[in-house]
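Scroll down for the structure; my scribbles are underneath it.
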Amino acid sequence: METLLQDIRYGTRMLLKNPGFTAIAVLTLALGIGANTAIFSVLDSVLLRMLPVAHPEQLVLLTDPDAHGSSFGSEGGDRSLLAYSEFQYLRDHNEVFSSMFASDSQLAKTPATFERASGGAAGAGETVRVRLASGEYFSTLGVKPAIGRMFTPEMDRARGGAPFAVTSYPFWKQRFNLDPSIIGKTLQIHQTSFEIIGVALFVY
736 METLLQDIRY GTRMLLKNPG FTAIAVLTLA LGIGANTAIF SVLDSVLLRM LPVAHPEQLV
796 LLTDPDAHGS SFGSEGGDRS LLAYSEFQYL RDHNEVFSSM FASDSQLAKT PATFERASGG
856 AAGAGETVRV RLASGEYFST LGVKPAIGRM FTPEMDRARG GAPFAVTSYP FWKQRFNLDP
916 SIIGKTLQIH QTSFEIIGVA LFVY
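In the working numbering, the protein residues as written are 736 to 939.
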């Protein structure tokens, strides 16, 4: 311990004698620690932290880089999007998974106008995150409604589509102050109006 204290005192004296070197050393350490912290934060949120759904370790992402549909970047590797007809084929011929759902591959920020739960006029256009999903989205993920109901497979088969929306819990809390009268209100995204049928009990 005495040797350690002597080394600390000696190192402190040397650093005080060379303030320029000390400043560079401290700055280098700060940048290194900051970069490592940022990288770990990204890895923690993307790779290490489990999704707030039932059995996240059992989720599998399916893509088909050789068939038709939308693709981004290089021709090799996973595609970001598949055509809905491809999903229908995979779902109807599925012999491996307990259930399957389709969802757009990224949470896009989209202008939307929604009717206030208080019964007032429709809210001004806001930018919200929107994800399109098939009827088995919530049941496959094991997500329950806080209020209302979730999507069902029957909605996929409705003629002309199913103009329904399920909001996230944070959206319900921030925009509507947990008002249960949100159910039945409308959410307009671009030129399409969606009826809000439920609030999902997860925060992802």
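C-beta atoms are modelled at their ideal positions from N, C-alpha and C, and glycine is treated no differently.
According to the DSSP secondary-structure assignment, Arg864 is paired through a beta bridge with Lys844. With a contact defined as Cβ atoms closer than 8 Å, Phe929 and Pro880 miss out at about 16 Å. Rounded to the nearest whole angstrom, the C-alpha separation of Lys844 and Glu861 is 10 Å. The C-alpha of Leu764 is placed about 14 Å away from the C-alpha of Gly755. Excluding residues up to 5 positions away in sequence, Met835 lie with their Cβ nearer than 6 Å to the Cβ of Asn829 in the same chain. Beta-bridge pairing by DSSP links Glu930 to Phe899 and Thr921. The shortest CA-to-CA distance from Pro888 to any of Lys920, Thr927 and Asp827 is the one to Asp827.
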